[in-house]
DNA sequence: TGCAGTGTTGCTTC
DNA sequence: CGAAGCAACACTGC
């Protein structure tokens, strides 16, 4: 589930703990997570000091003392956890909850950084040159950055076709929005996920732009959403789930009290939740 | 019991 | 070329 607010929470909570730490050892039981392969990763990471940690879209980026990078994408069920040690019997982080899904550990000179990932979809890459990494450089603008102006948003929409929900989910158009927040943003803006992007009115575009900034900012303040698996580095849950208005609320009355009912509809391979009465 | 559904992405197919 | 479908994996809930 980690979308922009969850990844932002992870990065900001890890920063003070792992900056300046040296990577002593790398462990995994799932080599397929690694790009280009585990041996390259291990050679590139071992002995390095972590100089910086940052976020780009849903990606976590560690800059190493060699000037090269580690990129972690948590995909569906990944969480990066930090603790003082690992309990090998329960595969649990010392100060976290029991967790049998740890598939990757960086042993640092102080503490450990572990990736929990039930479905093993996560990606852990060693990248010599970030700018030359296609998955990274194709990403669209950061929606909370100064660069993402209303003009920029209009330009993105102008070049897009199809339904607005699909545009919001496209990482190469805007980076970091996933299924939860696209539903919540569209509800906030009173725009149906099924609307054709080209047919949005000027006023709706403006409201949508504000809703993107508003919802993502609020979710970061709440430390993200834990619908099922996402955890903060400490193992704690995010607090935004209770603020969700439509996501996973099929059949409930519209929280805006318009008299409509939240509907779930499948398209583009995923489900969209919305109120057909007040989202036009 | 069994099967549909799950936060993401990228590959294959048409 | 774009759009759509599906696979990667393991679990939950109806």
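In my numbering, the protein residues as written are 31 to 310.
For glycine and all other residues, C-beta sits at the position ideal for the given N, C-alpha and C.
Quick caveat: nothing in here was measured; it's all calculated off a predicted structure.
Scanning the segment 81–158 from its first residue to its last, the whole beta strand (DSSP E) runs of 3-plus residues come out as 89–94, 99–103, 108–113, 132–138, 142–147, 153–157. Closest option to residue 190, judged by alpha-carbon separation, among 221, 301, 225: 225. Within 10 angstroms of the beta-carbon of residue 183 lie 16 or more other beta-carbons, which makes it buried. Our two residues, residue 208 and residue 95, have alpha carbons roughly 32 Å apart in a direct line. Classified as exposed, residue 288 has fewer than 16 neighbouring CB atoms from the shown chains inside 10 Å of its CB. Sequence-distant Cβ neighbours of residue 300 in its own chain, meaning closer than 7 Å and more than five residues away, are 209. Annotation for residue 45: 83 place their beta carbon closer than 8 Å to its own, counting only its chain and skipping 5 residues before and after.
Contact annotation: residue 246 and residue 211 have beta-carbon atoms nearer than 8 Å. In the same chain as residue 55, and ignoring 5 residues on each side of it, the C-beta atoms closer than 6 Å to its own belong to 137, in chain order. Note that the C-beta distance between residue 71 and residue 178 is not below 8 Å. Between residue 193 and residue 306, the alpha-carbon positions lie close to 15 Å from each other. Relative to the Cα of residue 163, the nearest Cα in the group 34, 99, 68 belongs to 99. Closest option to residue 108, judged by alpha-carbon separation, among 147, 203, 249: 147. DSSP, reduced to helix, strand and coil, places residue 230 outside both helices and strands of the structure shown, so it counts as coil. At least 8 Å separates the beta-carbon of residue 123 from that of residue 57.
Residue state for residue 73 is assigned as helix, using DSSP reduced to three classes. For the options 280, 113, 173, the alpha carbon positioned closest to that of residue 88 is the one of 173. With a contact defined as Cβ atoms closer than 8 Å, residue 43 and residue 260 miss out at about 13 Å.
Beyond the five residues adjoining it in sequence on each side, residue 60 comes within less than 6 Å, by CB distance, of 133, 150 in the same chain, given in chain order.
Rounded to the nearest whole angstrom, the C-alpha separation of residue 198 and residue 204 is 7 Å.
Taken through DSSP and simplified to helix, strand or coil, residue 42 comes out as helix. Contact annotation, residue 80 with residue 51: C-beta distance approximately 5 Å; criterion of less than 8 Å satisfied. When C-beta atoms of the segment 266–276 are compared with those of the segment 240–257, three or more pairs fall below 8 Å, so the two segments count as touching. If you look at residue 56, you'll find it in the beta strand (DSSP E) that goes 53–58.
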